[in-house]
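Comments concern the structure below.
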Amino acid sequence: EYNDYISPFDRGTVFTGGHPANISYDKRLDEKWSNTVGISETATARFEYQLSDDWKTRLTYGWNNDRYSLSIAQPSTLSSSGVLRRQANGGHYDYETRYASWDFIGKQDILGQQHDLLIGAEQEDSDKYRGKTYRNTAQNGFNIFSPVYGSLAEPSVVSAANSNLSNQLTSSSLYLKDNWHLNDRWILVLGGRYQHYDQYIKQGLGASRVTNLDKNDDVFLPMAGLVFKVNEDLSLYGNYSRSFVPNDDVNDDGTTFDPEEGRSYEVGAKYALAPELNVNLAVFDIEKKNVVTPTGVTGVSEAAGKVGSQGVELDVTGRIAERWDMIGTYAYTHTEVLDDPSNKGNRLSQAPKHTASLYLTHHLQIPSDLGEWHAGGGARYVGERAGDDANTFYMSSYTVADAFLRWDVPMAGYKTRLQLNVDNLFDKQYYPSSTGSQLQVNVGEPRTARLSASITF
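Numbering (this note's numbering), first residue to last: 23 to 479.
Following this line, the structure appears as structure tokens:
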């Protein structure tokens with residue numbers, strides 16, 4: 023996939039006193055030159071070979087490269103009279119990621135019991151480079167109630183200390199998973215991943231160049247689970263796992279962060295309500311430490327000591343009537359900062375307590391020589407979210423409706439699909455997220471129509 027793009031880089035709107043400022047919803051508070059210009063390339067390949075009736079091998083490779091230049095009008099303060107202080111910032115970026123895995127998947131009888139096995143190796147290399155980085159002097163003179171554009175010049179002042187950032191991360195893993203069929207009803211799941219990583223970060227031009235991080239480590243991540251088949255329609259399960267992700271964030275002052283580590287417990291049930299209608303229910307408890315979040319200040323992030331989330335998830339998917347399919351979801355999630363000198367006891371920013379969605383698809387009864395026609399739509403609900411880690415402001419809940427029309431038809435012997443999507447059908451105004459500041463609150467996408475075509479061969 024090749025994508026040559028240019029798109030506005032909009033920091034969104036501002037809140038005052040915990041509420042949206044009294045300005046037009048679609049008013050931009052940046053400049054015409056605030057945009058991202060770049061080229062993104064992605065390639066993936068997958069090869070499978072059947073070794074025997076019970077075993078197969080699979081090779082997977084992925085590559086991504088994103089080269090772009092970024093210019094932004096970064097807000098920093100807002101006066102009581104509506105004067106927004108802004109700073110012209112920018113940079114040139116080159117991000118490349120390479121991924122490869124080799125898996126062996128199969129079934130093996132050991133002492134009369136079936137084992138479903140996954141044995142594999144994985145290699146991932148990430149090279150993130152930021153070249154010249156611009157940090158102009160912040161300026162006043164822009165009033166959000168009566169904006170005059172053009173007073174803020176494009177970013178041009180090179181910051182030697184922040185430029186030439188090289189962030190290299192290499193991760194190698196070996197993993198094994200065994201679904202051990204103890205009998206017709208019980209399945210014991212055991213597995214683990216051994217991971218080694220090397221991370222090297224340098225930053226700065228000339229005499230300002232410093233080594234921020236030069237680190238390598240090894241970690242073992244166990245996982246275990248148990249499945250009980252009550253009958254053909256109902257299964258109960260429980261599992262435990264640990265996670266580990268090196269953090270590649272770097273603050274403007276050169277601060278780096280320890281890897282994010284976590285553990286999770288989950289118990290649940292899977293029930294076939296009808297031959298083509300499934301219900302999944304799960305209760306989970308997750309703890310993570312060193313979770314990095316933006317603060318809303320240019321080039322500054324922070325890591326919470328430990329955060330926790332507990333909740334319930336419910337999914338209902340499948341055929342509810344002839345020619346009618348449904349996808350329904352609901353989740354309740356309680357989040358809390360468990361260990362942090364400043365924000366202990368607060369809700370985790372950007373995390374809603376309640377989310378839900380309901381979408382229906384109808385397979386239209388049209389003569390087959392005209393292809394297959396499908397129409398559908400539904401709505402998604404997102405509850406109130408804290409806008410920053412300090413919980414100084416909140417973004418209101420919202421519900422957005424979407425719809426689609428799809429046509430599947432064979433053309434020249436190939437499966438062809440033409441689809442029209444309309445997102446935010448009723449042009450709802452909402453605020454989906456923030457960057458950790460009342461001065462950078464994202465506005466929701468307006469009503470958007472997208473027409474896409476695909477051919478499978």
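A virtual CB, placed ideally from N, CA and C, is assigned to each residue, including glycine.
Small disclaimer: the values here were computed from a predicted structure and weren't measured.
Counted within 10 angstroms of its Cβ, other Cβ atoms place residue i as buried (16 or more) or exposed
| i | result |
| --- | --- |
| Thr478 | exposed |
| Ile209 | buried |
| Asn158 | buried |
| Glu324 | buried |
| Pro268 | buried |
| Ile94 | buried |
| Ala326 | buried |
| Gln221 | buried |
| Asp236 | exposed |
| Asn165 | exposed |
| Pro177 | buried |
| Arg496 | No statement about residue 496 is possible, as the shown extent of the chain runs from 23 to 479 and does not include it. |
| Gln460 | buried |
| Glu53 | buried |
| Gln372 | buried |
| Ala43 | buried |
| Leu392 | exposed |
| Gly113 | buried |
| Phe37 | buried |
| Pro316 | buried |
| Tyr156 | buried |
| Tyr381 | buried |
| Ala408 | buried |
| Tyr27 | exposed |
| Thr66 | exposed |
| Ala296 | exposed |
Rounded Cβ spacing between residue i and residue j (contact assumed at less than 8 Å)
| i | j | result |
| --- | --- | --- |
| Gln136 | His203 | 4 Å |
| Leu191 | Gln217 | Wrong, their Cβ atoms sit about 12 Å apart, outside the cutoff. |
| Leu174 | Leu106 | Their Cβ separation, rounded to whole angstroms, is 10 Å, which puts Leu174 and Leu106 out of contact at 8 Å. |
| Thr35 | Val463 | 5 Å |
| Asn368 | Asp411 | 6 Å |
| Val338 | Asn261 | Not a contact, Cβ separation roughly 21 Å. |
| Glu283 | Asn312 | 7 Å |
| Asp271 | Val232 | The pair is not a contact, with the Cβ atoms about 17 Å apart (cut-off 8 Å). |
| Arg402 | Val431 | With 8 Å as the limit, Arg402 and Val431 do not qualify as a contact, their Cβ atoms being about 29 Å apart. |
| Thr58 | Glu23 | The Cβ separation is near 18 Å, so there is no contact. |
Boundaries of the beta strand (DSSP E) in which residue i is found, first to last residue
| i | result |
| --- | --- |
| Ser185 | Here Ser185 belongs to no beta strand (DSSP E), and DSSP marks it neither H nor E. |
| Ala291 | Glu282 to Ala296 |
| Thr63 | The sequence shown places Glu at residue 63, not Thr. Start and end: Asn57 to Gln72. |
| Tyr24 | Tyr24 to Pro30 |
| Leu447 | No beta strand (DSSP E) holds Leu447; DSSP gives it neither H nor E. |
| Gly84 | Trp77 to Leu100 |
| Leu370 | No beta strand (DSSP E) contains Leu370, which DSSP labels as neither H nor E. |
| Ala325 | Ser323 to Ala343 |
| Ser474 | Thr470 to Thr478 |
| Gly398 | Glu394 to Val404 |
| Phe306 | Leu299 to Pro316 |
| Ile349 | Trp346 to Asp361 |
| Pro3 | For the chain, the structure presents residues 23 to 479; residue 3 sits outside this window and is missing. |
| Phe415 | Phe415 -> no beta strand (DSSP E), and no H or E assigned at all. |
Q. Do the stretch 186 to 202 and the stretch 217 to 227 make contact, defined as three or more Cβ pairs closer than 8 Å?
A. yes
Q. Contact between the stretch 121 to 128 and the stretch 137 to 148: three or more CB pairs below 8 Å?
A. yes
Q: Indicate whether the contact test is met: 3 or more Cβ pairs, each with one atom in the stretch 339 to 353 and one in the stretch 372 to 382, closer than 8 Å.
A: yes
Q | Unbroken stretches of the alpha helix (DSSP H), 4 residues or longer, contained in the stretch 126 to 205 | A | none
Q: Output the residue ranges of the beta strand (DSSP E) runs that lie fully inside the stretch 222 to 255 and measure 3 residues or longer, sorted by chain position.
A: 232 to 251
Q: Taking 8 Å as the threshold, find out whether the stretch 437 to 449 comes into contact with the stretch 462 to 469 through three or more Cβ pairs.
A: yes
Q. On the three-pair Cβ rule with 8 Å, is the stretch 330 to 344 touching the stretch 303 to 316?
A. yes
Q. Going along the chain, which unbroken runs of the beta strand (DSSP E) with 3 or more residues stay wholly within the stretch 253 to 279?
A. 256 to 267
Q) Quick one: any contact between the stretch 382 to 394 and the stretch 411 to 421, if contact means 3 or more CB pairs under 8 Å? A) no
Q | Touching by the beta-carbon criterion (3+ pairs, under 8 Å), the stretch 251 to 267 and the stretch 289 to 296 | A | yes
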